[in-house]
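If you count by UniProt numbering, then the sequence shown holds residues 1 to 128, one letter each, in order.
Where a beta carbon is used, it is the ideal one built from N, C-alpha and C, also for glycine.
All values reported here derive from a predicted model rather than from experimental measurement.
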Amino acid sequence: MPRISGRGQPDPPLDERHPARIALADDAALIVSELSTNALLHTSSGGERGSFHLALAVAPQVIALSVTDDGGGGSAPKVEHQVQDAEHGRGLGMVSALAHRVVVQGAGGVYTVTAELFVNAQRGGHPC
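Here it is in structure tokens:
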């Protein structure tokens, strides 16, 4: 994660030892893993010449993580309601449970999924 600093001491919620910051880092790591895996498994990104793009934006009160796929996956990513012990189909649901907000944008089969984590906000935003 990029280090955020300014004059004097960092804001307590953003101090890298602060429990909220540690929780955000853990949530961000899981979100990146899930969104990247979805791009690789469900789109052309996982093909021989495929790729996906990860963007990270950090502001004092929000972290935004975006993954853009190569397309070829058909319909837009959406939360699927699976049985509790299902091995597949729960990734975007987990992302929605961790993030304050999840947005899916795209056209022509190429999609970007952005998850926003707000500092000091309650977990679990609205499903995409």
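Restricting attention to beta strand (DSSP E) runs no shorter than 3 residues, the UniProt domain "Histidine kinase/HSP90-like ATPase" (23-109) encloses them at 53-59, 62-68, 101-107, ordered along the chain.
The straight-line gap separating the alpha-carbon atoms of ASP26 and GLU116 is approximately 14 Å.
Considering only ALA28, ALA23, SER75, the residue with the shortest C-alpha distance to VAL95 is ALA28. Under DSSP, the beta-bridge partners assigned to VAL113 are VAL67, VAL104.
Sequence-distant partners of GLY50 (beyond 5 residues in either direction) whose C-beta falls short of 7 Å from its own C-beta, in its chain, are SER44, ASP70. Check the Cα spacing between LEU35 and each of LEU54, GLU80, ALA23, ILE22: the tightest is with LEU54.
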